[in-house]
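For the sequence shown, this note's numbering begins at 86 and goes up steadily by one.
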Amino acid sequence: MNDNLTKNVRRRSVFLIGGYEPKSSDAFFKRTRREMNRFCETWNVKAQMHEQSLSTDQLVATAKVDTEIHGVAVESKINFFVWNDVVLRDFQRPTAIRVAKYLVTFCDYLLTGTFFKMVSQAWRFSLYFLYPVVMLSLIAMLSSAVGFGISRMAFAFASTIGLVAGLGICYLLLKITGRRWYVLHLMDLWSFSRNYLRGKRPDARKLIDRFAESVVDQATHGQDDEIILVGHSTGGALILDIAATALEKLPGLGTVGPSVTVLTVGSTALKIGLHPAAVDFRSRVQCLVDAQAIRWIECQAMTDVINFYKTDPVSAMNLSSSRAEPIPQVHVVRIRDMLQPEIYKRFRYNFFRVHYQFIMANTKQYAYDFFMMCCGERPFVENLGNTLRYTKSSR
């Protein structure tokens, strides 16, 4: 492996895949530009985003960023893997089918013991799993109560009208909560996860292969000092799959050419990896663990309910490692320390906004800064450092 830890980085490529959300390439460009401005203000550096482009198949959005920091010019190419079509197709299914698939998934996770494994690893995350079924239960009880009340009234066809009213209210509440509180969205997410871990999402599998080809092409033909593969939320599982697939296509990945680091942030990979049916997924992650040349760093946060806090994913999946250093290297991040107090107070109870802070710019200088790691002049592992490292002995 090329060891660039003693040299400045002049050129890097970052590949990012987000979670299960309908994030378009336009939304990616808009967010990156906005967050880049915040990054410049926080660190008093110069950065310019230019040459926005989209691959011919519209699956990889790329923005080049030129940064001048501490007198060093750095060229970073940030690539966003676009998979919103998969999510949008799931969203377009009839509501009844979306709910039915979720209920099958919920029962699956209970009966296979996966839910209880999640509780043992990170009890806060189990609340995220329970949220859709709790909301669905409340909606069912409310609509049933209204329907029953109408059916008991003394007029013709009261029972029929009560049944129709109850079903109508249930549907209406699902639509309202689905838009405002992401209930249907999260149902679809869990249904996707179940099918993905069982190898029943060929559309996603095809994209994984396509994204891996992009990584291999850059590693083979690019002039980078380092390549960073970033996965956020559900993307934490997908980026591991992408990295393992890229490694299968190019066994020398990370050994010859640029160094390669996998970064999982706010990752929910264990919702897949802990399931007994996820044999293929765990096998691919094991191949990644066995590839000594590839680094894997995982960043977690207590205030983010949507991640496995203080958890070693390799150990949790019962995988083995012959490395001298732990893999992944787990870092515990304090979201509060990334932001000015007045900004943090604004969204501290917005779980989804807290979750997204992992891939957004800081408003305070802090050891973890996503854009500094992606655009700074030091190699990725040096930018992050060791001040946030977590081991079992540091509990």
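Note that beta-carbon positions come from the ideal geometry of N, C-alpha and C, so glycine has one too. Every value quoted in this text rests on a predicted model; they were computed, and no experiment measured them.
Residue 240 versus residue 269 - alpha carbon distance: 35 angstroms
Minimum length 4: unbroken alpha helix (DSSP H) runs contained in the segment 388-458: 398-401, 426-432 and 436-441
Three or more C-beta pairs below 8 angstroms linking the segment 197-217 and the segment 296-309: no
Neighbour-count burial assignment, residue 141, 16 or more Cβ in a 10 Å radius: exposed
C-beta contact flag for residue 465 and residue 346 at 7 angstroms: yes
Closest Cα partner of residue 279 within the set 327, 322, 403 and 120: 322
Per-residue DSSP class, three states only, for residue 272: helix
Residue 424 beta carbon less than 7 angstroms from that of residue 449: yes
Residue 335 versus residue 289 - alpha carbon distance: 21 angstroms
Euclidean distance between Cα positions of residue 158 and residue 95: 7 angstroms
CA-to-CA distance, residue 459 to residue 101, given in whole angstroms: 10 angstroms
Beta strand (DSSP E) segment containing residue 304, residue limits: First-last for residue 304: 287-306, but that is the alpha helix (DSSP H), not the beta strand (DSSP E).
Under 7 angstroms between C-beta atoms of residue 297 and residue 330: yes
Rounded separation between residue 406 and residue 358 - CA only: 16 angstroms
Whether residue 362 touches residue 282 by CB criterion (7 angstroms): yes
Per-residue burial, residue 306 [other beta carbons within 10 Å of its own, 16 or more giving buried]: exposed
Which listed residue (445, 319 and 473) has its alpha carbon closest to that of residue 213: 319
Environment of residue 198 [buried if 16+ CB atoms lie within 10 Å]: exposed
Spatial neighbours of residue 365 in its chain, beta-carbon cut-off 7 angstroms, leaving aside the 5 residues before and after: 284
Which listed residue (416, 276, 152 and 188) has its alpha carbon closest to that of residue 172: 276
Closest by C-alpha distance to residue 138, when choosing among 153, 125 and 109: 109
Per-residue burial, residue 317 [other beta carbons within 10 Å of its own, 16 or more giving buried]: buried
Residues of its chain near residue 98, where Cβ-Cβ distance is below 7 angstroms and the 5 sequence neighbours each way are ignored: 162, 164, 303, 307, 309 and 312
Beta carbon of residue 385 nearer than 7 angstroms to that of residue 417: yes
Beta-carbon spacing of residue 134, residue 146 below 7 angstroms: no
7 angstroms CB neighbourhood of residue 186 in its chain, flanking five on each side removed: 276
Reduced DSSP secondary structure (H/G/I, E/B, other) of residue 130: coil
Alpha carbon of residue 376 to alpha carbon of residue 470, nearest angstrom: 22 angstroms
Cβ of residue 321 within 7 angstroms of any chain D Cβ: Chain labels in this structure do not include chain D; a single protein chain is all it has.
Rounded distance between the beta-carbons of residue 324 and residue 349, thought under 8 angstroms: 6 angstroms
Close-in-space but distant-in-sequence residues of the same chain around residue 231 (CB under 7 angstroms, 5 per side omitted): 250, 251 and 254
Where residue 94 sits in the DSSP three-state scheme: coil
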